[in-house]
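In the UniProt record's numbering, the protein residues as written are 1 to 256. Every residue, glycine too, gets a C-beta built ideally from N, C-alpha and C. Take a look at the structure set out below.
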Ligand code: ADP
Ligand code: MG
């Protein structure tokens, strides 16, 4: 049965999408069956997996509005090595359209339960907000992976997300937990980043993943080729660290 993880952080530009597609490609590389769900209307995870969001006939939007199943709407990315339930701008309308509907925060959960035996991992790329879309992700997840940059305000921004996760855990999804904080775009030459990294470890203990993702330009270049960095340049430091992270996730899930 698939383990479902949200990649979430309400800040934009912190590395959610990069983490989602590269963790997915890393997991595929070590033999896991993976589905990426793009819950961001920007559709970056879709494009970054080599699926053209502009030509998609069915997306996660249709799944949320219950006019399509996941099996019908998903695409297979041959190059990336995993399946993608894509998104495009249409998804921005779902927020408003769901407001008047029943079980609106559980739409994705219901839809994913039909494919739970087809995958080992489902990774959900969340938008940079704590919206109805993110809530749909959190409602179906076993865990949340929080990518963060080791910067001065990193801890401050975290408290809103932690509170939301606590509320969802208490009211909607008792399975939900923060599986871990992932340090991304890390530059060990910067003293402040080392200090914040130490702070994170003393504050969150083993909730901080052992793997650290370095700042690496190959990871930033890969999306323009429609590929995860792990596939685009497997020998790069960034790609290697994401494959390492995939192994760490497999180990953590084994002990969940
Ligand atoms: P989010 O999904 O949280 O908005 P992205 O994953 O899109 O964040 O990352 C924001 C920007 O930072 C993108 O241009 C991406 O290519 C770049 N980036 C992300 N992770 C790294 C990294 N480890 N090294 C270098 N650039 C990165
Ligand atoms: Mg993103």
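Check: residue i C-beta below 7 Å from any heavy atom of the ligand ADP
i           : result
residue 191 : no
residue 252 : no
residue 16  : yes
residue 146 : no
residue 216 : yes
residue 231 : no
residue 185 : yes
residue 12  : yes
residue 219 : yes
residue 26  : no
residue 213 : yes
residue 137 : no
residue 226 : no
residue 238 : yes
residue 234 : no
residue 188 : no
residue 223 : yes
Proximity test, residue i beta-carbon vs the ligand MG heavy atom, cut-off 7 Å
i           : result
residue 134 : no
residue 42  : yes
residue 120 : no
residue 125 : yes
Nearest-angstrom Cα separation, counted from residue j out to residue i
i           : j           : result
residue 106 : residue 124 : 14 Å
residue 262 : residue 149 : Residue numbering for the chain in the displayed model covers 1 to 256; residue 262 lies beyond these limits and cannot be assessed.
residue 109 : residue 53  : 23 Å
residue 82  : residue 171 : 32 Å
residue 128 : residue 12  : 5 Å
residue 59  : residue 220 : 25 Å
residue 246 : residue 143 : 15 Å
residue 222 : residue 96  : 33 Å
residue 230 : residue 239 : 4 Å
residue 138 : residue 145 : 11 Å
residue 49  : residue 147 : 19 Å
residue 176 : residue 141 : 6 Å
residue 99  : residue 35  : 27 Å
residue 19  : residue 8   : 10 Å
residue 64  : residue 111 : 8 Å
residue 181 : residue 114 : 29 Å
residue 40  : residue 88  : 8 Å
residue 70  : residue 61  : 11 Å
residue 202 : residue 56  : 45 Å
residue 130 : residue 208 : 22 Å
residue 226 : residue 189 : 30 Å
residue 162 : residue 252 : 20 Å
Residue range of the beta strand (DSSP E) that includes residue i
i          : result
residue 3  : 3 to 7
residue 36 : 34 to 38
Residue i, enclosing alpha helix (DSSP H) - first and last residue
i           : result
residue 227 : First-last for residue 227: undefined, no H or E at that position.
residue 241 : 237 to 254
residue 21  : 16 to 29
residue 55  : Counting along the chain, residue 55 falls outside any alpha helix (DSSP H), and DSSP gives it neither H nor E.
Pick out the complete beta strand (DSSP E) segments inside the stretch 134 to 218, 3 residues or longer, and give them in chain order.
143 to 148, 177 to 186, 208 to 214
Tell me the start and end of each unbroken alpha helix (DSSP H) in the stretch 57 to 133 that is at least 4 residues and wholly inside, in chain order.
60 to 64, 70 to 73, 94 to 99, 107 to 113
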